[in-house]
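J.: Residue numbers (UniProt numbering): 1 to 145.
We treat Cβ as the ideally placed atom computed from N, Cα and C, and that holds for glycine.
Once you've had a glance at the structure underneath, I'll fire off some questions.
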(Lines of atoms letter the chains of each structure in order from A and count residues from 1; the text may use other names and numbers.)
(Lines give C-alpha, C1' and ligand atoms only; values in the text may rest on other atoms or scores of the structure.)
Protein backbone atom coordinates (compact mmCIF):
# COMPACT_ATOMS: atom_id res chain seq x y z
CA UNK A 1 0.00 0.00 0.00
CA UNK A 2 0.78 3.68 0.13
CA UNK A 3 2.39 3.54 3.57
CA UNK A 4 5.34 1.34 2.58
CA UNK A 5 7.32 4.12 0.83
CA UNK A 6 6.66 6.38 3.82
CA UNK A 7 7.82 3.66 6.22
CA UNK A 8 11.00 3.36 4.18
CA UNK A 9 11.56 7.12 4.40
CA UNK A 10 10.97 7.05 8.17
CA UNK A 11 13.59 4.33 8.61
CA UNK A 12 16.26 5.83 6.34
CA UNK A 13 16.03 9.61 6.66
CA UNK A 14 18.39 11.19 9.17
CA UNK A 15 16.67 14.59 8.78
CA UNK A 16 12.96 13.69 8.99
CA UNK A 17 12.12 14.39 12.63
CA UNK A 18 8.39 15.23 12.47
CA UNK A 19 5.61 13.40 10.65
CA UNK A 20 1.98 14.51 10.79
CA UNK A 21 -0.50 12.08 9.25
CA UNK A 22 -3.52 13.40 11.13
CA UNK A 23 -6.81 12.80 9.30
CA UNK A 24 -5.11 10.47 6.82
CA UNK A 25 -7.21 7.33 7.20
CA UNK A 26 -4.31 4.86 7.36
CA UNK A 27 -6.15 2.39 9.61
CA UNK A 28 -4.54 -0.61 11.28
CA UNK A 29 -2.87 -1.87 8.08
CA UNK A 30 -1.28 1.50 7.40
CA UNK A 31 -0.10 1.65 11.01
CA UNK A 32 1.42 -1.82 10.64
CA UNK A 33 3.39 -0.72 7.56
CA UNK A 34 4.50 2.53 9.19
CA UNK A 35 5.67 0.67 12.29
CA UNK A 36 8.21 -1.29 10.25
CA UNK A 37 10.01 2.01 9.71
CA UNK A 38 9.53 3.12 13.32
CA UNK A 39 11.21 -0.05 14.64
CA UNK A 40 14.33 0.56 12.55
CA UNK A 41 17.24 1.75 14.75
CA UNK A 42 18.06 4.40 12.12
CA UNK A 43 14.66 6.12 12.55
CA UNK A 44 15.24 9.77 13.60
CA UNK A 45 11.56 10.71 14.02
CA UNK A 46 10.85 12.71 17.19
CA UNK A 47 7.21 13.71 16.66
CA UNK A 48 4.54 11.41 15.23
CA UNK A 49 1.00 12.77 14.91
CA UNK A 50 -1.64 10.19 14.03
CA UNK A 51 -4.82 11.97 15.14
CA UNK A 52 -8.07 10.77 13.53
CA UNK A 53 -6.40 8.04 11.45
CA UNK A 54 -8.93 5.25 12.23
CA UNK A 55 -6.26 3.21 14.02
CA UNK A 56 -8.57 1.52 16.54
CA UNK A 57 -7.31 -1.32 18.76
CA UNK A 58 -5.52 -3.24 15.99
CA UNK A 59 -3.44 -0.23 15.02
CA UNK A 60 -2.69 0.48 18.68
CA UNK A 61 -1.04 -2.94 19.09
CA UNK A 62 1.40 -2.24 16.26
CA UNK A 63 2.20 1.21 17.64
CA UNK A 64 2.85 -0.01 21.19
CA UNK A 65 5.36 -2.51 19.87
CA UNK A 66 7.07 0.01 17.58
CA UNK A 67 7.31 2.74 20.24
CA UNK A 68 8.88 0.28 22.68
CA UNK A 69 11.59 -0.53 20.12
CA UNK A 70 12.07 3.09 19.01
CA UNK A 71 14.62 5.28 20.80
CA UNK A 72 13.82 8.62 19.14
CA UNK A 73 10.06 9.32 19.45
CA UNK A 74 9.40 12.08 21.98
CA UNK A 75 5.74 12.82 21.15
CA UNK A 76 3.03 10.43 20.01
CA UNK A 77 -0.33 11.93 19.07
CA UNK A 78 -3.17 9.40 18.93
CA UNK A 79 -6.24 11.57 19.53
CA UNK A 80 -9.61 10.72 17.95
CA UNK A 81 -8.80 7.15 16.91
CA UNK A 82 -11.60 5.22 18.68
CA UNK A 83 -9.02 3.24 20.63
CA UNK A 84 -11.36 2.47 23.53
CA UNK A 85 -10.26 0.33 26.46
CA UNK A 86 -9.18 -2.47 24.10
CA UNK A 87 -6.89 -0.09 22.24
CA UNK A 88 -5.28 1.00 25.50
CA UNK A 89 -4.79 -2.64 26.51
CA UNK A 90 -3.14 -3.26 23.12
CA UNK A 91 -0.86 -0.21 23.47
CA UNK A 92 0.25 -1.36 26.92
CA UNK A 93 0.58 -5.01 25.86
CA UNK A 94 2.63 -3.86 22.89
CA UNK A 95 5.07 -2.25 25.26
CA UNK A 96 4.15 1.43 25.35
CA UNK A 97 4.97 1.63 29.06
CA UNK A 98 8.55 0.59 28.30
CA UNK A 99 9.09 3.31 25.68
CA UNK A 100 12.67 4.53 25.93
CA UNK A 101 12.16 8.16 24.91
CA UNK A 102 8.45 9.07 24.96
CA UNK A 103 7.87 12.40 26.73
CA UNK A 104 4.34 13.30 25.51
CA UNK A 105 1.35 11.04 24.82
CA UNK A 106 -1.95 12.37 23.45
CA UNK A 107 -4.91 9.97 23.72
CA UNK A 108 -7.70 12.58 23.81
CA UNK A 109 -11.18 11.69 22.56
CA UNK A 110 -10.67 7.94 22.24
CA UNK A 111 -13.70 6.58 24.16
CA UNK A 112 -11.37 5.26 26.86
CA UNK A 113 -13.31 4.19 29.94
CA UNK A 114 -12.33 3.59 33.56
CA UNK A 115 -10.69 0.20 32.90
CA UNK A 116 -8.53 1.56 30.09
CA UNK A 117 -7.58 4.60 32.15
CA UNK A 118 -6.59 2.40 35.09
CA UNK A 119 -4.52 0.09 32.88
CA UNK A 120 -2.72 2.97 31.17
CA UNK A 121 -1.97 4.97 34.30
CA UNK A 122 -0.79 1.92 36.23
CA UNK A 123 1.56 0.88 33.42
CA UNK A 124 2.94 4.40 32.99
CA UNK A 125 3.35 4.97 36.72
CA UNK A 126 5.21 1.72 37.38
CA UNK A 127 7.28 1.19 34.23
CA UNK A 128 7.72 4.44 32.30
CA UNK A 129 10.24 6.96 33.55
CA UNK A 130 10.33 9.40 30.61
CA UNK A 131 6.69 10.54 30.15
CA UNK A 132 6.10 14.16 31.21
CA UNK A 133 2.76 15.03 29.55
CA UNK A 134 -0.40 12.97 29.08
CA UNK A 135 -3.39 14.48 27.23
CA UNK A 136 -6.49 12.51 28.25
CA UNK A 137 -9.48 14.86 27.89
CA UNK A 138 -12.65 13.78 26.11
CA UNK A 139 -12.62 10.20 27.38
CA UNK A 140 -15.27 8.46 29.51
CA UNK A 141 -13.89 8.74 33.03
CA UNK A 142 -17.04 9.65 34.93
CA UNK A 143 -16.83 6.76 37.37
CA UNK A 144 -13.10 6.15 37.83
CA UNK A 145 -12.43 4.93 41.36
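#1: Which residue from 130, 113, 13 puts its Cα closest to that of residue 97?
#2: Please check the pair residue 101 and residue 60, which I expect to be a contact at CB under 8 angstroms, by giving their CB distance rounded to whole angstroms.
#3: Express the C-alpha separation of residue 4 and residue 89 in angstroms, rounding to a whole number.
#4: With a CB to CB cut of under 6 angstroms and the five nearest residues on each side skipped, what residues in its chain are close to residue 55?
#5: Report back the beta-carbon spacing between residue 138 and residue 109 to the nearest angstrom; my notes put them in contact at under 8 angstroms.
#6: Using a Cβ-Cβ cut-off of 7 angstroms (strictly less than) and excluding sequence neighbours within five positions of residue 42, which residues of its own chain qualify?
#7: Check whether the Cβ atoms of residue 104 and residue 124 lie closer than 9 angstroms to each other.
T.: In short, the structure shows the following:
#1: Comparing Cα positions, the closest option is 130.
#2: For residue 101 against residue 60, the beta-carbon gap comes to about 19 angstroms, at or over 8 angstroms, which does not count as contact.
#3: Straight-line Cα distance between these residues: approximately 26 angstroms.
#4: Scanning its chain for C-beta atoms nearer than 6 angstroms, with the 5 sequence neighbours on each side dropped, one finds around residue 55 the residues 31, 81, in chain order.
#5: Residue 138 to residue 109, Cβ: 4 angstroms. Contact.
#6: Take residue 42, set aside five residues on each side of it, and the residues of its chain with a beta-carbon closer than 7 angstroms to its own are 11, 12, in chain order.
#7: It is not a contact, given that the beta carbons lie outside the stated cut-off.
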